[in-house]
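A.B. asks: Numbering (the numbering used here), first residue to last: 1020 to 1333.
Please find one structure pasted underneath; my questions will follow.
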Amino acid sequence: MIENDLCLPSKREVRIKILATPVCLPDVEARYGRSPFKPKIPFVPGYAIIGVVEAIGEGVTKAAVGDWVAALTVYGGYAEYIFLGEEQLIPVPNTLDAAEAAPLILNYIVAYQTLHRSAKVKAGDKVLIIGASGGIGTAFLQLGQLANLTMYGIASKSKHPVLTEYGATPIDYHTQDFVEVVQKAEPDGLEAVFDGIGGDYIKRGFSLLRRGGTYVGYANPLGISRTLRFLGQVILLHLLPNGRHAKYYGTGISRFNRRPFLEDWATLFKLLEEGKIKPVIEKKFPILEAAQANELLESGKVTGNVVLLAQELS
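Below you can see the structure in the form of C-alpha cells.
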C-alpha cells in the first residue's frame, strides 16, 4: 500500500500508522464468536493499538501529525492503519518502546485500576491473584510489588519462576488446593482477591476474604448469558451481610468516563519511562504473522504478553 491509496480522515478523525498491537484473550474469543457482543464477519481483531498520527481531519484539536497515540479499539488493531475519532485517543510519550507500551493499554490498565480504584489496596495488604502468569497476571505482579503487597498467585508450575521473581507465593492449581494453602498461610483472611478466571473461583476466592475485604472479578465471560450469570454471582456475594465486598471490573466504562482512564494510563506510561515496570513479553511477531501469534496465545504456554509489530519494527 502506498500513501496515495489511503483515504483522508473525516471531520474530527485521525489516520494512525499502527506500530504495535497486543494479542489479547478478547481477540481470540472474538474470533470464535464467544464475545458478549459478537462482531459481524468479516472483521479485523485487535483490541488495542499504539501508533503515530499520520493525518488529521477537519476540526481535530487533540492530536497533531507525528504524535504518538494509543486507543482501546476493541476491533481493528491487526492492521497497518486505522481511522479513529479524536475522542478515542490516548496520548503516548514517543520516548517509549512501542512493544512495551502496547500491553499497558489493556492488560496494565485492568491490573492498575482493579488494584487502586476497585480494591484500593495499601502497603502490606495480603492479596490473591487468580490467573497470575498471563498478560494481566504479570501486570498485577509488577504493580503489586510496587505497592508493597503480600501476594499469592495461582498458575501452573512451569510458570512459577515469574511469580517468585516478583515476590509472590506461587500456588499450582494442578496439585494444590488454593483455598487450603491461603487459609493456612493467612488464617485472618485476605484484603483482596483478583479473579481473571471466574467460574468456581468466584465463591472460593470470595471465601478467603477477611471482613472489609474486596473480591474483584475481571474475567471475559465469553457471552451475554455468561456475563449476566457472572454479574449475578458478584452482585449476590456483594449483598451478603458479611462485611465483604464483590465487584466486577470492565474497561467498557472508559467510554462514559474517560478522565480516570487517561490519568491512570499517564501514570503507567511514567512508570514505564522510569523503568519501574517492564512488561513481560513472551514473543513479538510481525503483523503478517498474527495467526501464529494467536496460536501461541491459545496454546496456554505464554508467560506475559504477545505483541504484534509493524513490519518495519519487527
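Think of the CB as a built atom: it goes at the ideal place given N, C-alpha and C, for glycine as much as any other residue.
Check for me: the beta strand (DSSP E) holding K1036 runs from which residue to which?
C.D. replies: Here the beta strand (DSSP E) through K1036 covers E1032 to V1042.
A.B. asks: Could you tell me if F1159 is buried or exposed, where buried requires 16 or more neighbouring beta carbons within 10 angstroms of its beta carbon?
C.D. replies: Buried, by the Cβ-count rule.
A.B. asks: I need the DSSP call for F1225, collapsed to helix, strand or coil.
C.D. replies: Of the three classes helix, strand and coil, the one that applies to F1225 here is helix, per DSSP.
A.B. asks: Just checking, does the region 1302 to 1311 make contact with the region 1130 to 1137 on the three C-beta pairs under 8 Å criterion?
C.D. replies: The answer is no - the region 1130 to 1137 does not touch the region 1302 to 1311, with fewer than three Cβ pairs under 8 Å.
A.B. asks: Look up L1125 in the DSSP assignment and say whether it is helix, strand or coil.
C.D. replies: Correct three-state label for L1125: helix.
A.B. asks: Between the Cα of V1071 and those of N1113, V1146, A1120 and K1139, spot the shortest distance and give me the residue it belongs to.
C.D. replies: Of N1113, V1146, A1120 and K1139, the residue nearest in Cα terms is N1113.
A.B. asks: How many angstroms separate the CA atom of V1047 from the CA atom of N1313?
C.D. replies: Taking the straight line joining both Cα atoms gives about 7 Å.
A.B. asks: Return the bridge partner residues of D1214 from the DSSP annotation.
C.D. replies: According to DSSP, D1214 bridges with I1149 and G1236.
A.B. asks: Which value, in whole angstroms, describes the spacing of the CA atoms of E1282 and I1296?
C.D. replies: Answer to the nearest angstrom: the Cα atoms are 17 Å apart.
A.B. asks: Specify the secondary structure class of D1024 as computed by DSSP and reduced to three states.
C.D. replies: It is helical.
A.B. asks: Does DSSP put A1117 in a helix, a strand or coil?
C.D. replies: Here A1117 sits in helix by DSSP.
A.B. asks: Assess, as a yes-or-no matter, whether the region 1164 to 1183 is touched by the region 1096 to 1115 under the definition of 3 or more beta carbon pairs within less than 8 Å.
C.D. replies: With a cut-off of 8 Å, the region 1164 to 1183 and the region 1096 to 1115 do not count as touching, because too few Cβ pairs lie within range.
A.B. asks: Who pairs with H1193 in a beta bridge, going by DSSP?
C.D. replies: H1193 is not bridged to any residue.
A.B. asks: Could you check if Y1220 is buried or exposed, using at least 16 other CB atoms within 10 Å of its CB as the buried criterion?
C.D. replies: Under this definition Y1220 is a buried residue.
A.B. asks: Please report the straight-line C-alpha distance between I1124 and V1093, rounded to a whole angstrom.
C.D. replies: Distance between the alpha carbons of I1124 and V1093: 11 Å.
A.B. asks: By Cβ distance, which residues of its chain are closer than 7 Å to A1082, with the 5 residues on each side in sequence left out?
C.D. replies: Same-chain partners within the cutoff: V1033, V1072, I1075, V1088, E1105 and L1108.
A.B. asks: Helix, strand or coil: which one does DSSP assign to E1301?
C.D. replies: Three-state result, E1301: strand.
A.B. asks: CA-CA distance, K1036 and V1084?
C.D. replies: For K1036 and V1084, the distance between alpha carbons rounds to 11 Å.
A.B. asks: Can you tell me the Cα-Cα spacing of G1224 and V1321, whole angstroms?
C.D. replies: Looking at the two C-alpha atoms, the distance is approximately 24 Å.
A.B. asks: Going by DSSP, what residue range makes up the beta strand (DSSP E) through L1103?
C.D. replies: Run containing L1103: Y1100 to G1104, per the beta strand (DSSP E) assignment.
A.B. asks: Between which two residues does the beta strand (DSSP E) harbouring K1266 extend?
C.D. replies: Run containing K1266: H1264 to Y1267, per the beta strand (DSSP E) assignment.
A.B. asks: Over what stretch of residues does the alpha helix (DSSP H) that includes L1315 continue unbroken?
C.D. replies: A1309 to E1317 is the extent of the alpha helix (DSSP H) around L1315.
A.B. asks: So, helix, strand or coil for P1061, using DSSP?
C.D. replies: The answer is coil: DSSP assigns P1061 none of H, G, I, E or B.
A.B. asks: With the cut-off set at 9 Å, would you say L1315 and V1140 are in Cβ contact?
C.D. replies: No, the pair does not count as a contact, with Cβ atoms beyond the cut-off.
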